[in-house]
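All letters in the sequence shown, in the order written, are residues 35 to 329 by this note's numbering. Even for Gly, the Cβ is constructed at its ideal location relative to N, Cα and C. Please read all numbers here as calculations on a predicted model, not as lab measurements. To keep things clear, I will list the structure first and then write my remarks on it.
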Amino acid sequence: MTLTINTNMSSLIVQSNLNAATNMLNRSIERMTTGFKINHASDNAAGYSIAINWKKQLSSLDVAADNAATGADMMTTLEDTYSLISTHLQRVRDLTEQAANGTYGSESLKAISSEITARLEEIDRIANNCDFNGLRMMDGSMKNDVFLQIGLYSDTDSQIALSKNLFLDAHVATLFTDFGDTPDATIESVAKLCSGYDGSVITGNQKDMLNKIDSVINQISARNTTLGAAQNRIESAAESIGVQTENLTSSLSTLRDADIAEESSNYIKAQILQQASATLLATANQAPSIALNLL
């Protein structure tokens, strides 16, 4: 190699290799400290874009999972409330059957009527207070379907529609007005018919009321069946979200996560190259001084 003073090619070559080794060392340090092999778009432009999109989808799936869980809680609240109403209706039926026995005087029937009234009033109180996040689910105010957003997109496949029929009025007047001969049902009128006692006379209508109460109980049961179907859909959606999240997380890990064993090896390699280059740079920088010995 030609000895020159102005241009030290050996030093330039070593400096280039030293910079490369230093960059490799820094890159390995970054990957090991972040745990990611893609930290910047320059690391892998296509992979970086895909990772950003997958992270966005994972975040949306977390929200979808919360939405599904909230919807399930909503259905559970409604189902449990209907169970309470069914318990009160069953007690009203028992009292009605008791009053139909014909062995009770007016005072006993008055007591039966009083408990029936209390039970019916409690049904109305429950219907008025069945609330979920400000939604009154049993007072008849919900006139539209409720849509759960359980997917990533805006299409119908990413939603579950909870029918407005899940949120029907559960007041006594509505439940018992479904019968043609009680068009203007009230708590007072239903209690009189169930107990056979209207405050002054024994009317003897309990036998007909047993069938009507059975129909109301069956009506509540039918609503619970519809609720169960909705809950099954929500649970299925939640499981699907879980599968999507798991698979997407695995794919993102494969794309983005650093292999620490590989990066440790690269780090040691870069460290050795850096040290060797630094040592050789000192030697290369002495080359021009050799030319002076020829003068």
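Taking the Cα positions, E113 is about 6 Å away from N258. With fewer than 16 neighbouring CB atoms inside 10 Å of its own CB, H74 falls in the exposed class. Uninterrupted alpha helix (DSSP H) stretches at least 4 residues long and entirely within the segment 202-232 occur at 206-211, 221-229, given in chain order. Within the DSSP bridge table, the entry for V180 names L196 as partners.
Beta bridge pairing from DSSP links L169 with F166. Segment contact: the segment 300-308 against the segment 141-153, fewer than three CB-CB distances shorter than 8 Å; contact not assigned.
Leaving aside the five residues that flank A225 on each side, the residues in its chain whose CB is nearer than 8 Å to its CB run, in chain order, S147, I150, T151, L154. With contact defined as three or more Cβ pairs closer than 8 Å, the segment 62-72 and the segment 115-134 are not in contact.
Per DSSP, reduced to three states, the secondary structure at D189 is coil, with no helix or strand assignment.
With respect to the C-alpha of A85, the residue from E297, A321, S284 having the closest C-alpha is S284. R159 is classed as exposed because its beta carbon has fewer than 16 other beta carbons within 10 Å across all chains shown. Non-local beta-carbon contacts of I294 in its own chain, meaning distances under 7 Å to residues more than five positions away in sequence, involve M66 in chain order. The segment 51-136 contains no complete beta strand (DSSP E) run of 3 or more residues. Take the alpha-carbon of Q91 and the one of I268: they are about 20 Å apart. Under the three-state reduction of DSSP output, D248 falls in the helix class. Shown here for D232: same chain residues with a beta carbon closer than 7 Å to its own, the five before and five after excluded, namely K226 in chain order. Scanning S175, L123, D179 for the CA closest to the CA of L209 turns up L123. R290 is a Cβ neighbour of G81, given a cutoff of 9 Å.
I254 has its alpha-carbon roughly 7 Å from the corresponding atom of S120. G276 is classed as exposed because its beta carbon has fewer than 16 other beta carbons within 10 Å across all chains shown. D158 carries a helical assignment under DSSP once its states are collapsed to helix, strand and coil. If you look at Q308, you'll find it in the alpha helix (DSSP H) that goes 294-318.
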